[in-house]
Every structure is written in structure tokens, then in C-alpha cells.
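Residue numbers (the working numbering): 1 to 90.
Ideal Cβ positions, reconstructed from N, Cα and C, are used throughout, including at glycine.
Below you'll find the structure, written out as C-alpha cells, and then a few comments.
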């Protein structure tokens, strides 16, 4: 389960000055045990609604309970977070 406090913590930890890899390393260090993936906003299907967002990124729930990872809108089933960094044109 991913709760609102964790989402807020991840949002606060996102920096627009870091590369995807640097951002992923920083967030994984800050939130050990939580699967965190960093990508661009264009990597997420537009039909999905973000679980949370700020000026720098959108957060999506990730469910790893089955064989493959999948994005979900179910906070109870979520085992991780996809951090989709906003593009420069936003």
C-alpha cells in the first residue's frame, strides 16, 4: 500500500535539476523498500490519472503483485511509484 504521506514525501524529493538516473538514486535512497521508477511524462499512457502531482512531476501507483509490473489506480494494491517528470514545455 502506498499512502498519501509517502506520495507527499516523494513529491517533496523531486528536483528538476537532476537527471532521471540521479533522481531515481536519490528517491530510492530516501525511500528504501519502495519500488521507484523515474521516467518522462510522455512514457505514461494519457488515459491514466496521476495519484499526485506538483510543478515538477506526476506520480502513478505501480503494482508488482503479479508476474509483471503494471500501473494501477489502486493505492491498496500499489507496491511502488512511477515518477513521471514533466517536460520543459509545461
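| task | With a threshold of 16 other CB atoms inside 10 Å of the CB of residue 74, please say whether the residue is buried or exposed. | result | exposed
| Would you call residue 4 buried or exposed, if buried means 16 or more other Cβ atoms sit within 10 Å of its Cβ? | exposed
| query | Buried or exposed: residue 55, going by 16 or more other Cβ atoms within 10 Å of its Cβ? | reply | exposed
| request: For residue 72, count neighbouring Cβ atoms within 10 angstroms of its own Cβ and tell me buried if that reaches 16, exposed if not. | output: buried
| What first and last residue would you give for the alpha helix (DSSP H) that runs through residue 13? | 4-13
| request: Assign residue 78 to buried or exposed, taking buried as 16 or more other Cβ atoms, counted over all protein chains shown, within 10 Å of its Cβ. | output: buried
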